[in-house]
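For reference, the structure discussed in these notes is given below.
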């Protein structure tokens, strides 16, 4: 973004306007939109982790070799991460409501196929299609919220609710998976999405406003989509393969090299050849977007693998069953929800940058504590107390990052920015887990050895989060802080857009933006 564009953006942001097509924030329609976005986000995030505790039951039911079950997890996560960028652009070009409905249909339909699968191949294919539906759906949910709720307190509360529900979906995956697997069948971890998705489709058709399609003379950037998807998938696959093949294996190294080349090609295509780039590179000139995504990448690499390692520790060392493991995660879930809901209230007094630093520091202390587990430790000392500190930090960390990344972009780029942010978080989780699994590798399965490996992973996470807190200090200050919505003469809530901050930084935004 050049100086003139920066000045125009500052002028537009400082102008008091009301979008008459937006439903009133406290009205039934607006609350229905918020509920729909949160329900869709919950399903999307839930299905990343819901299969973890069900893998032994799935293996026994379908009869495939041990060691192949990771594809049930990665089939979803890799496609989800790889196609999120395209999903964000689709919402921008073809309309948020239309793409939201398409994503719901893909997700619910593939869940039905996966729940009825009779072999591993069908299940993995269904999980991959689920990931595609999630990649279309996730950025649409965030874009719908940012265009329904005005910037300021309304949007901050909506984004905090969306973040809390998404975090709860990730945290509750093990609980819901354990309950359904133990008391019904592993198939219900997928089939449960079908009635929820069908109801969401009906409500979305009723309450979502049909937005006009953007300039359809622009074509989708398929070369960029192919390159970034192939690059992320190859990079993710390569790191995942190092778990079993090692870092010197030709397959793993080739995949890592191919992924790097593809991502470099993506940058070249987006910057020089794409007429309608998937991700406008000007977004990275916005400091809150570029640095915010670095923080999100590292945060996802730390917080998402936590559930994997804690689940294994509780089952392999503490000898809990699926149901007990799921219940053991319930306090973590509640604290994450509370932390996410508290974040916008705290941002009435401190800005997003301060809250991000605080959240990362809290989580780092929790992981440092948890890194000192031992085989004879109990649930309270080894899982609950340090886990609550981690969850509180994580709840405070993610919501302000979302506010930071989406606060300084044009509305026409909202889908691209949200797609980039969601991609960054998921890629961080996939790559972080792959790397941390190699850190935790001990070669044997005795409780003593496993505890040493899990402890190493937790200590590594603590170090990364300490680095996140330092990086977050370079984020712009003042973003997100507010004392309440401004009101115009008519009494309707209007956009404040942080007018004092915009006035103070108008001359400097050309450097940051």
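In the UniProt record's numbering, the protein residues as written are 1 to 513. For each residue, glycine too, the CB sits at the ideal point set by N, CA and C.
Cα-Cα separation, residue 377 to residue 260 = Here residue 377 corresponds to residue number 377 of the chain shown, with the count starting at 1. Here residue 260 corresponds to residue number 260 of the chain shown, with the count starting at 1. Spanning the two alpha carbons is a distance of roughly 42 Å.
Name the two residues that bound the continuous alpha helix (DSSP H) containing residue 461.
-> The residue you call residue 461 lines up with position 461 of the chain shown. Element bounds for residue 461: 447-472.
Candidates 132, 116, 310: closest to residue 81 by CA position = As a first step, residue 81 must be located in the chain shown, where it is residue number 81. Per the Cα distances, 132.
Residue 385 (DSSP reduced to helix, strand or coil) = Residue 385 sits at position 385 when you count from the first residue of the chain shown. Residue 385: helix per DSSP, three-state reduction.
In its own chain, which residues sit with a C-beta less than 7 Å from the C-beta of residue 57, not counting the 5 before and 5 after it?
-> Reading the chain shown from its first residue, position 57 is the one you call residue 57. Cβ within range, chain order: 181, 186.
Should residue 96 and residue 140 be called a contact, given that it needs their Cβ atoms to be closer than 7 Å?
-> Start at 1 with the first residue of the chain shown, and residue 96 comes out as number 96. Start at 1 with the first residue of the chain shown, and residue 140 comes out as number 140. Yes.
Counted within 10 angstroms of its Cβ, other Cβ atoms place residue 330 as buried (16 or more) or exposed | Taking the first residue of the chain shown as position 1, residue 330 is located at position 330. Label assigned to residue 330: exposed.
Any contact of the segment 356-370 with the segment 124-131, i.e. 3+ C-beta pairs under 8 Å?
-> no
Taking the Cβ atom as the reference point for each residue, do residue 450 and residue 396 lie within a distance shorter than 7 Å?
-> As a working note, residue 450 is residue 450 in the chain shown. As a working note, residue 396 is residue 396 in the chain shown. Against a cut-off of 7 Å, the Cβ pair of residue 396 and residue 450 comes out as no contact.
Out of 423, 61, 466, state which residue places its alpha-carbon closest to the alpha-carbon of residue 279.
-> Numbered from 1 along the chain shown, position 279 holds the residue referred to as residue 279. Checked all of 423, 61, 466; the closest Cα to residue 279 is 423.
Straight-line Cα distance separating residue 429 from residue 399 | Taking the first residue of the chain shown as position 1, residue 399 is located at position 399. Taking the first residue of the chain shown as position 1, residue 429 is located at position 429. If you take the alpha carbons of residue 399 and residue 429, they lie about 17 Å apart.
For residue 469, I'd like the list of residues in its chain whose CB is within less than 6 Å of its CB, leaving aside the five on either flank, ordered along the chain.
-> Taking the chain shown and counting its residues from 1, the one referred to as residue 469 is at position 469. Cβ neighbours of residue 469 beyond the five flanking positions: 357, 360, 361.
Contacts around residue 77, its chain only, beta-carbon distance under 8 Å, and the 5 residues preceding and following it disregarded | For the purposes of this step, residue 77 is taken as residue 77 along the chain shown, with counting starting at 1. Cβ within range, chain order: 48, 131, 236, 426, 429, 430.
What residue does the alpha helix (DSSP H) around residue 51 start on, and which one ends it?
-> Taking the chain shown and counting its residues from 1, the one referred to as residue 51 is at position 51. Counting along the chain, residue 51 falls outside any alpha helix (DSSP H), and DSSP gives it neither H nor E.
Which listed residue (229, 454, 283) has its alpha carbon closest to that of residue 374 = Here residue 374 refers to the residue found at position 374 of the chain shown. Closest by alpha carbon: 454.
Examine the Cβ distances between the segment 92-111 and the segment 190-209 and report whether three or more of them are shorter than 8 Å.
-> yes
Excluding sequence positions up to five away, which residues of its chain have a Cβ less than 7 Å from the Cβ of residue 231?
-> Start at 1 with the first residue of the chain shown, and residue 231 comes out as number 231. Only 259, 262, 263, 266 meet the Cβ criterion.
Roughly how many whole angstroms lie between the Cα atoms of residue 85 and residue 349?
-> As a position in the chain shown, residue 85 is number 85, starting the count at 1. As a position in the chain shown, residue 349 is number 349, starting the count at 1. If I take the Cα positions, the gap works out to 34 Å.
Going along the chain, which residues of its own chain have a beta-carbon closer than 6 Å to the beta-carbon of residue 432, five neighbours each way excluded?
-> Here the question's residue 432 lines up with position 432 in the chain shown. Cβ within range, chain order: 301, 305.
Touch test, the segment 187-201 against the segment 106-114, Cβ-Cβ under 8 Å, three pairs minimum = yes
Taking just the CA atoms, how far does residue 174 sit from residue 307?
-> One-based indexing of the chain shown puts residue 307 at position 307. One-based indexing of the chain shown puts residue 174 at position 174. About 8 Å.
Might you give, ordered along the chain, the residues of its own chain that have their beta carbon closer than 7 Å to the beta carbon of residue 160, omitting 5 neighbours on each side?
-> Taking the chain shown and counting its residues from 1, the one referred to as residue 160 is at position 160. Here the set comprises 340, 341, 343, 344, 399.
Collapsed DSSP secondary structure at residue 501 in the structure displayed | In the chain shown, counting from the first residue as 1, residue 501 sits at position 501. Confidence at residue 501 is low in this model, with a pLDDT of 36, below 50, so its placement is unreliable and no value can be given for it.
Please report the residue range of the alpha helix (DSSP H) in which residue 377 lies.
-> Counting from 1 along the chain shown, the entry for residue 377 is found at position 377. Segment: none, residue 377 is in no alpha helix (DSSP H) and carries neither H nor E.
Rounded to whole angstroms, what's the CA-CA distance from residue 322 to residue 177? Just pull it up for me.
-> Taking the chain shown and counting its residues from 1, one reaches residue 322 at position 322. Taking the chain shown and counting its residues from 1, one reaches residue 177 at position 177. Distance between the alpha carbons of residue 322 and residue 177: 8 Å.
Report the rounded CA-to-CA distance for residue 226 versus residue 274, giving the unit in angstroms.
-> Looking up residue 226 in the chain shown gives position 226. Looking up residue 274 in the chain shown gives position 274. Spanning the two alpha carbons is a distance of roughly 13 Å.
Quick one, which of 155, 35, 83, 353 has its alpha-carbon nearest residue 289's?
-> Taking the chain shown and counting its residues from 1, the one referred to as residue 289 is at position 289. The shortest Cα separation from residue 289 among 155, 35, 83, 353 belongs to 353.
How is residue 306 classed by DSSP in three states: helix, strand or coil?
-> Against the chain shown, residue 306 aligns to sequence position 306. Here residue 306 sits in helix by DSSP.
Got a sec? Which residues, its chain only, sit under 7 Å from residue 318 by beta carbon, not counting five neighbours each side?
-> Along the chain shown, read from residue 1 onward, the residue named residue 318 stands at position 318. Here the set comprises 379.
Where residue 53 and residue 311 are concerned, what is the direct C-alpha to C-alpha distance, given to the nearest angstrom?
-> Reading the chain shown from its first residue, position 53 is the one you call residue 53. Reading the chain shown from its first residue, position 311 is the one you call residue 311. The alpha-carbon atoms of residue 53 and residue 311 are separated by roughly 8 Å.
Measuring alpha carbon to alpha carbon, tell me which of 251, 134, 152 ends up nearest residue 91.
-> For the purposes of this step, residue 91 is taken as residue 91 along the chain shown, with counting starting at 1. Out of 251, 134, 152, 134 has the C-alpha closest to the C-alpha of residue 91.
Residue closest to residue 436, alpha-carbon to alpha-carbon, out of 155, 233, 241 | Residue numbering aside, residue 436 sits at position 436 when the chain shown is read from its first letter. If we check each option's Cα against that of residue 436, 241 comes out closest.
Inter-residue Cα distance where the pair is residue 386 and residue 272 | Taking the chain shown and counting its residues from 1, the one referred to as residue 386 is at position 386. Taking the chain shown and counting its residues from 1, the one referred to as residue 272 is at position 272. Rounded to whole angstroms, residue 386 to residue 272 spans 48 Å at the Cα level.
Is it the case that the Cβ atoms of residue 269 and residue 224 are separated by a distance below 7 Å?
-> Taking the chain shown and counting its residues from 1, one reaches residue 269 at position 269. Taking the chain shown and counting its residues from 1, one reaches residue 224 at position 224. Yes, the pair counts as a contact, with Cβ atoms nearer than the cut-off.
Short check: CB of residue 456 to CB of residue 471, under 7 Å?
-> As a first step, residue 456 is located in the chain shown; it is residue number 456 there, counting from the start. As a first step, residue 471 is located in the chain shown; it is residue number 471 there, counting from the start. No.
Note down the Cα distance separating residue 313 from residue 277, rounded to an integer number of angstroms.
-> Your numbering for residue 313 matches position 313 in the chain shown. Your numbering for residue 277 matches position 277 in the chain shown. Going from the Cα of residue 313 to the Cα of residue 277 covers about 44 Å.
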